[in-house]
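Participant: Numbered according to this note's numbering, the sequence shown spans residues 1 to 84.
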Amino acid sequence: MVNIRLARGGAKKHPFYHIVVSDKRKPRDSGYIERIGYFNPVARGQEVRLHIEQDRVAHWVACGAQPTERVAKLLKESAETVAA
């Protein structure tokens, strides 16, 4: 099964996450099928906190990929900022 989830990057105590499409059976930070965005929880000032390619998300969801709980919240947040 394919899911949309976060893959951690960044330094110790300074997390940075890529939003990726990967096989559910693979470990968190291992190989992925496609990178579709990023999330920077410690963004300050002019730094971009969240970037998601909505068209690729729609494609993968149509193909049956399921987002994790955290990614679902981020997708909702992203959709609200685009609509505003």
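Beta carbons: idealized from backbone N, C-alpha and C, even for Gly.
Do you know how far the Cα of R49 is from the Cα of A43?
Facilitator: If you take the alpha carbons of A43 and R49, they lie about 5 Å apart.
Participant: Starting from D55, follow the alpha helix (DSSP H) in both directions and report where the run begins and ends.
Facilitator: Per DSSP, D55 belongs to the alpha helix (DSSP H) from Q54 to A62.
Participant: Are there 16 or more other CB atoms within 10 angstroms of the CB of P67, so buried, or fewer, so exposed?
Facilitator: By the 10 Å Cβ count, P67 comes out buried.
Participant: Relative to the C-alpha of G9, which residue among N3, I19 and V2 is closest?
Facilitator: Minimum Cα distance to G9 is reached at I19.
Participant: Relative to the alpha-carbon of P41, which residue among D29, F16 and Q54 has its alpha-carbon at the smallest distance?
Facilitator: Answer by Cα proximity: F16.
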